Amino acid sequence: MAERFDAVDVIRTKRDNQPLSKEQVDWVVDAYTRGVVAEEQMSALAMAIFLNGMSREEIAQWTQAMINSGETMSFASLTRVTADKHSTGGVGDKITLPLAPLVATFGVAVPQLSGRGLGHTGGTLDKLESIPGWQAAISNERMMEILEDPGCVICVAGSGLAPADKKLYALRDITSTVDCIPLIASSIMSKKIAEGTANLVLDVKVGSGAFMKDLDTARELAQTMVDLGTDAGTNTVALITDMSTPLGRKVGNALEVEEAVEVLAGGGPDDVVELTLSLADEMLKAAGVPDADTAAALKDGRAMDTWRKMIRAQSGDPDAALPTAAHTHTVTADADGYLAELDALSVGVASWRLGAGRARRQDPVQFGAGIVLHAVKGDKVRAGQPLFSLHTDDEYRFERSLEVLRDGFTISAEAPARRESVVLERVTAR
Ligand code: URA
Numbered sequence: 109m110a111e112r113f114d115a116v117d118v119i120r121t122k123r124d125n126q127p128l129s130k131e132q133v134d135w136v137v138d139a140y141t142r143g144v145v146a147e148e149q150m151s152a153l154a155m156a157i158f159l160n161g162m163s164r165e166e167i168a169q170w171t172q173a174m175i176n177s178g179e180t181m182s183f184a185s186l187t188r189v190t191a192d193k194h195s196t197g198g199v200g201d202k203i204t205l206p207l208a209p210l211v212a213t214f215g216v217a218v219p220q221l222s223g224r225g226l227g228h229t230g231g232t233l234d235k236l237e238s239i240p241g242w243q244a245a246i247s248n249e250r251m252m253e254i255l256e257d258p259g260c261v262i263c264v265a266g267s268g269l270a271p272a273d274k275k276l277y278a279l280r281d282i283t284s285t286v287d288c289i290p291l292i293a294s295s296i297m298s299k300k301i302a303e304g305t306a307n308l309v310l311d312v313k314v315g316s317g318a319f320m321k322d323l324d325t326a327r328e329l330a331q332t333m334v335d336l337g338t339d340a341g342t343n344t345v346a347l348i349t350d351m352s353t354p355l356g357r358k359v360g361n362a363l364e365v366e367e368a369v370e371v372l373a374g375g376g377p378d379d380v381v382e383l384t385l386s387l388a389d390e391m392l393k394a395a396g397v398p399d400a401d402t403a404a405a406l407k408d409g410r411a412m413d414t415w416r417k418m419i420r421a422q423s424g425d426p427d428a429a430l431p432t433a434a435h436t437h438t439v440t441a442d443a444d445g446y447l448a449e450l451d452a453l454s455v456g457v458a459s460w461r462l463g464a465g466r467a468r469r470q471d472p473v474q475f476g477a478g479i480v481l482h483a484v485k486g487d488k489v490r491a492g493q494p495l496f497s498l499h500t501d502d503e504y505r506f507e508r509s510l511e512v513l514r515d516g517f518t519i520s521a522e523a524p525a526r527r528e529s530v531v532l533e534r535v536t537a538r
């Protein structure tokens, strides 16, 4: 069958900063998925998009074309309304773990189709897989049953959703075209819209540990995604949240599960609790449950009950001991003062080098590896006081982890300005 377009013409159009037509976008995404457009041609097109951008119409069409490349899901048969959360990824971001059961406690269905981590931000599935017995892969039928009771499921996203994105994301990873707003927004939103949730809350991170390093680009990404969701009929809102310093006090897989359970037990670090409650309130408001007392549900154990059911529903044992690393090393303060800087990217890379993350998609992760922060940004510290404990199964990893961690914090005589809130802005449809 003759092809409708020539890839070279499509590349030239974008190279010359002209808009791609709907037909060109539909064709190139489909032809790439079929293998008719070669990897090197899509690389050139991705770079042209990176350099010249895309209009709102082009991004919407690109997103729709990626949705059309695969199957879509529907939660319409559920008796519960659905609400989903997506985070653009950060260091110590374990929020999905307490958030999903908390929201489900109020009668809303929370389908969290998640991925594994690559690079310095951890993957939600890697964290949950540190719970003995827990299974990430479940059938669609089982997922629907769990979404009725207990109401939340965190599982592996099926490969049938937006296969064009899967192929393109792997290509972007090796052609330096990942950090491009139209491509990030269409990548994330094609999967979320294909999933078919009615309500979506986006957590767009900003700061050294995030894709977006400054507020302006985070705003642009958030607005682009909110508009895409809204145009596609998904009720979408975004919170822009701080990722200049790690979230919480534990970074790693089992370590983050441990901290999530602290939050579900009514404790945990203030920033993790604040973000969990802010996102839960947004999801519940979107789903038509505006006055839920989410803080009370963390304090009185209702969210914990839902968590335990959710873990059991996927063959996990919520009472089993979590894996711990074979070796630990503690970094102490060398002076009195305040922890003035604690850089998210440095802590993320240090944790990754300890074995908590993977360098290649097929690598295993160490469940017990990671970093416990005994002090966080703004804390007063004394010389000799433990600042961070590094955990790993391989002692040789300490050196390279410490190399990056040492550059990631400063102790100064002056107290730094206290962050008022981890939530910086709220973005709604234009
Ligand atoms: N996450 C995605 O799914 N896609 C991107 O492009 C970036 C982050």
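Count along the sequence shown starting at 1, add 108, and that's the number in our numbering.
Ideal Cβ placement from N, Cα and C applies to all residues, glycine included.
What you are looking at is a predicted structure, and each value in this text was computed from that prediction instead of being measured.
Cβ neighbours of D389 within its own chain (closer than 7 Å, five residues either side excluded): T402. By the C-beta density criterion, R142 is exposed, having fewer than 16 other C-beta atoms within 10 angstroms. The continuous stretches of alpha helix (DSSP H) do not include A523, and DSSP gives it neither H nor E. With a 10 Å radius around the Cβ and a threshold of 16 neighbouring Cβ atoms, E528 comes out exposed.
In the DSSP assignment, L210 falls outside any beta strand (DSSP E) and within the unbroken alpha helix (DSSP H) covering 204-212. In this chain, the alpha helix (DSSP H) harbouring E148 covers 147-160.
Exclusion of Y140 from the 8 Å shell around the ligand URA follows from its C-beta lying no nearer than that to any non-hydrogen atom of the ligand. Put simply, the backbone Cα of S298 is about 6 Å away from that of A270. Going by beta carbons, G356 and K122 fall outside the 9 Å limit. For H194, DSSP records a beta bridge to L310. Less than 9 Å divides the Cβ of T440 from the Cβ of P494. A residue is called buried when at least 16 other Cβ atoms come within 10 angstroms of its Cβ; D451 meets this threshold and is buried. Non-local C-beta neighbours of A168 in its own chain, meaning closer than 7 Å and more than five positions away in sequence, comprise L336, D339, ordered along the chain.
One Cα belongs to D322, the other to N160, and the distance between them is close to 20 Å. Within the chosen limit of 8 Å, the ligand URA reaches the beta carbon of T196 through at least one heavy atom. Using a cutoff of 8 Å, the CB of L291 counts as near the ligand URA, since one of the ligand's heavy atoms is closer than that. Looking at the DSSP output, E507 bridges to nothing. In this chain, L462 is not harboured by any beta strand (DSSP E), its DSSP state being neither H nor E. Annotation for Y446 indicates a beta carbon at 8 Å or more from all heavy atoms of the ligand URA. Distances taken from the Cβ of I296 to the heavy atoms of the ligand URA include one shorter than 8 Å. Between L372 and P127, the gap from beta carbon to beta carbon reaches 9 Å or more. With 16 or more other Cβ atoms from the protein chains shown falling within 10 Å of its own Cβ, V334 counts as buried.
Under the three-state reduction of DSSP output, N343 falls in the strand class. Here DSSP, grouped into helix, strand and coil, assigns P219 to strand. Of the residues L291, G516, L447, A115, the one whose Cα lies closest to the Cα of K274 is L291. The continuous alpha helix (DSSP H) containing S298 extends over residues 289-303. Around the beta-carbon of G492, fewer than 16 other beta-carbon atoms lie within 10 Å, marking it exposed.
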